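Reading through the structure tokens given below for one structure.
Chains as they are written, first to last, in the numbering used here: chain A, 1 to 228; chain B, 229 to 1206.
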């Protein structure tokens, strides 16, 4: 299985006032194509930081990140933005849709600014089961619907990898199951690699691998197949 | 996705963002609109002023270009004066120019006189005109019949048009006939219509078609050419070409001295004196724009900060930095579009009112004129400025790191550590500079604006630290004050922006008012220094002057009495040390020559200094000042600055002509003026020519034109008619009359023809109910001295006509006797004008106020914009305290307590703003003392208090709406959602 994510010797610290606070203290991991990986750990363990670095939202203090064969740590911001647009999709806990655009426009938004092959937003909105809500604004939709729109948005540019930061954190259990089904469908239909940060056991159950992180270091990796 | 879709999403996002943030959008729109309105209004008023002045000049001049065929004055027998022009040559030349298209049209008028054949004979002046072209500008308005085009009325040879004044005097109107005597023949003329000159000129003449005029008066133009020809050209370039051709083809070739005057030269004299006013206008508009821009940048920066997470999301999903910038620029484009369009409409509205107010600056009613250039420029300036002001916040926004989506922390590097920030700033400034240069038309003024921006930046940083310092003031346990001051500290940058806006707004208006007070004080002091008398008695005839002086000297309470200075103007410099003045002009640089020709070649003045009495404001540079040894002698002093133009030194002889009478003066000293006002003083570039009072007194009696009435010819009565006499004296009369001749006059040929006067005939002249009979000694070609029909020696008039030369006496009263002396002199000399020196100061003060008020209004545009900016800042500041006020209300505080808190914060800002405004004022006063030469003005305590009070008022007023919104907040809704 080809690796789509490789992280080598990742260290990350932030300057807070006059002191430097280390967050990640040497992370090495790989994620294969089509894998669903869950990253779990207590609050303050460095999950979001690691997710941000793997997703190209931030750069490590030291170390390398290779996304689909490209070392993103050496790229200028404009190239990094291209990688984010073309190879990576993000789903956030708070959905983070643009409130002034409709569901369809939110889904299509990344495609206006990137080159390369794109999916049809009308198709995507049907895939996520919201064809009847395409002209509604986010404020007119439920949490689950918004999250599904966010997932569709993340897929518009045919990303290799889908990153999720607590994607089901704001959803009720029923909706959570629907969303998780969707992730599995994506992996099956499009071969999308899915990397999720989560506290939820339900999310962990669909993962092929669970990575536990604590105090900025990987403590445990457990492998198991999909459960649902 | 295509470009169109991308542009579509930019506009959709921009529109929805602006609508989502209604209050901020409204504030931004208001700031842009008012700034653009200021530029438009001021631009329209400036254009209206230039248009009015130019139009007035053309009408007064009669054309674009005026040719003076006579150099000035009459031909003095024995003098080598100007060559008489060959008028046919001139006409052929002008016709050639017209055929070639160089000039559009030319025309001239001819004049003559005839007496009416009636019971009460009356002298009428006739003016021959070419009705097809005259006048080139303006109009002759028809009164009766009111046909519009007056030329329609002149159909037959004997048709005339009379002015309304003449119509009243004759008691005749349109359709009547009138009999006149010309060359002893009776001619019947038809009054085809009554016209008005439209200039308010009380004139008494009749118009005739040129051909008919020449026939009637047997007028030979070659023998008696007109004094002036007016020309109209299609544009200013052709006008300049015409001037050059006249110089090269006529003056140089034929050795004529035809003087040309263009309307541009005439209006430039006026407009150049107003240059500083126009520059002030433009700068006021740009300052208003800067203040507005300040508010826009701050609002957009805060708006960007509020959307940092949204920007992070965009970048997380693959949108690049440049796209983020475009999102904001498109938003600015929409704001600029709507704001500028509103600003243009507002500006047009304001300009109408402003044009009325500003009329007092230009001393004439302005013709309100909109030019499209001003509107387009104002609109584009507003639009592009808004986009330029947005570039910095947009750039800073584009630098937001996408990690902010996951981690709620300030992950950005400070923008001032980013080299790209400085590059963007430099590019923005250059673009902004290029835009405003179109209006200012001067890169040095653009540089001044850049310096102002830098000062504003520095001032904002200073205010920021000032606010921080104020937040540490002991609050003496007053909780609301503590909360207010802590909020000031928290929002120090926002408050600093508000303070800058208050300071600029109040500072600008205050500086203008201070400058006005400074000018008034300076003028008053100068007047006090220069007026060393208390009372002037004016218009004392020569026959009475000695008697008046004796009576005054016998009056109690008088400390000094002397004859007040007189001056003669229209003296023409002919040569220096025997070399013609043209030699000096030839050797000057183009710029100097233009200046000298413009200022000194159309006539200069020579003042007569009352040695021993007049205030001396001269500091000798070389030679000496006037002394008692110069009394009655042709010795002059002049400014060293003026002398430098001609390289004149002490001992040089200058040859002038005054009313064609030659005067040779010797330069005995060069000086610089020590007071700001007066000839040669301060910034004046006059020659400052001065001789002794007695010298000028003699010279002025050499030649003078005065209107008399002819009341009788050969002892036969005629209806009184006006005629201009040239009164010659100071020895000049001996060139015309025998030294024993007390009753002789010389008359012009046209006067002779119109009255049938021959040598030996008599005519009786009358002035102010005094009359005398004279005998015609000679008939010569007139007019004399430009416009006179009769030459008469002064000695023949002075005993019968006392008011020809009048005197002014300066009286200095002893301290404490001023009022009494004024009353006494008033009762002693009820027939003379008595003037109190202190009233002059009042008049000058009033005049300065008339100019100061509209200038203050224009300066206050920036204050209006500042109020908007302050309101916006207050809104943002109180918004930050939403949660705080919600908690207060949740624990039982009433609306009044919340309002009190807001009020304390605003008053603190207002008081601070008052002090920062004073700082701006102080700096402005230092600058004014350097550039305007005013004394360093002290800012009075009362003025300080007024300024602080006004600043508090503005701060409180500006926060009314935000305060009202905050007070309405329900505590629960704010606490539920963070």
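Just so it is clear, CB atoms sit at the ideal spot from N, CA and C, and this is done for glycine as well. The model shown is predicted, which means the values in this text are computed figures rather than measured ones.
Could you tell me if residue i is buried or exposed, where buried requires 16 or more neighbouring beta carbons within 10 angstroms of its beta carbon?
i: residue 430/B; result: Residue placement at residue 430/B cannot be trusted, given a pLDDT of 47 that sits under 50; the coordinates are not used to answer.
i: residue 536/B; result: buried
i: residue 269/B; result: buried
i: residue 857/B; result: exposed
i: residue 1170/B; result: exposed
i: residue 893/B; result: buried
i: residue 139/A; result: exposed
i: residue 872/B; result: exposed
i: residue 329/B; result: exposed
i: residue 670/B; result: exposed
i: residue 806/B; result: exposed
i: residue 405/B; result: exposed
Less than 8 Å between CB atoms is the rule here; does residue i satisfy it with respect to chain B?
i: residue 81/A; result: yes
i: residue 180/A; result: no
i: residue 58/A; result: yes
i: residue 42/A; result: no
i: residue 78/A; result: yes
i: residue 221/A; result: no
i: residue 22/A; result: no
i: residue 85/A; result: yes
i: residue 51/A; result: yes
i: residue 92/A; result: yes
i: residue 149/A; result: no
i: residue 73/A; result: no
i: residue 48/A; result: yes
i: residue 101/A; result: yes
For residue i, collect the residues of the same chain with a Cβ closer than 6 Å to its Cβ; drop the 5 residues on either side in sequence, then sort them by chain order.
i: residue 607/B; result: 568 and 572
i: residue 1079/B; result: 589
i: residue 984/B; result: 412
i: residue 356/B; result: 338, 436, 438 and 441
i: residue 1134/B; result: 1183, 1184 and 1187
Would residue i count as contacting chain A if we go by Cβ distances under 8 Å?
i: residue 628/B; result: no
i: residue 547/B; result: yes
i: residue 256/B; result: no
i: residue 248/B; result: yes
i: residue 694/B; result: no
i: residue 252/B; result: no
If I measure Cβ to Cβ from residue i and keep anything under 8 Å in the same chain, skipping five residues before and after, which residues do I get?
i: residue 1181/B; result: 1138
i: residue 529/B; result: 620, 621 and 624
i: residue 237/B; result: none
i: residue 585/B; result: 1081, 1082 and 1085
i: residue 62/A; result: 9, 10 and 11
i: residue 83/A; result: 56, 67, 70, 72 and 75
Which residues in the same chain as residue i place their Cβ atom closer than 7 Å to its Cβ, once the five residues preceding and following it in sequence are excluded?
i: residue 793/B; result: 835, 836, 837, 838, 842 and 921
i: residue 975/B; result: 985, 1004, 1007, 1017 and 1018
i: residue 1061/B; result: 766 and 767
i: residue 1096/B; result: 255, 258, 259, 262 and 523
| Residue ranges of each alpha helix (DSSP H) within the region 967-1050 of chain B, 4 or longer | Runs found: 977-983.
| Sequence ranges, beta strand (DSSP E) only - wholly within the region 57-129 of chain A, length at least 3 | Runs found: 62-67 and 88-92.
| query | Taking a cut of 9 Å between CB atoms, which residues from the region 531-544 of chain B lie near chain A? | reply | Correct list: 537, 538, 540, 541, 542, 543 and 544.
| said: Residues of the region 151-165 of chain A in Cβ contact with chain B at a cutoff of 8 Å, in chain order, please. | reply: Within the region 151-165 of chain A, those residues whose Cβ lies closer than 8 Å to any Cβ of chain B are, in chain order, 153, 154, 157 and 165.
| In chain order, which beta strand (DSSP E) runs of at least 3 residues are fully inside the region 858-897 of chain B? | Unbroken beta strand (DSSP E) stretches of 3 residues or longer found wholly inside the region 858-897 of chain B: 863-867 and 881-886, given in chain order.
| task | Mind listing, in chain order, the continuous alpha helix (DSSP H) runs of no fewer than 4 residues lying wholly within the region 716-789 of chain B? | result | Fully enclosed alpha helix (DSSP H) runs of 4 or longer: 720-758 and 770-781.
| query | In the region 105-121 of chain A, which residues sit with their C-beta less than 9 Å from some C-beta in chain B, listed in chain order? | reply | Those residues of the region 105-121 of chain A placed with their C-beta closer than 9 Å to a C-beta in chain B are 105, 108, 109, 110, 111, 112, 113, 114 and 118, ordered along the chain.
| What are the residues of the region 554-565 of chain B that lie near chain A, defined by any Cβ-Cβ distance shorter than 9 Å? | For the region 554-565 of chain B, no residue has a beta-carbon sitting nearer than 9 Å to a beta-carbon of chain A.
| Contained alpha helix (DSSP H) runs [length at least 4] in the region 627-702 of chain B, N- to C-terminal order | Assignment of alpha helix (DSSP H) within the region 627-702 of chain B, counting only whole runs of 4 or more residues, yields 647-668 and 671-698 in chain order.
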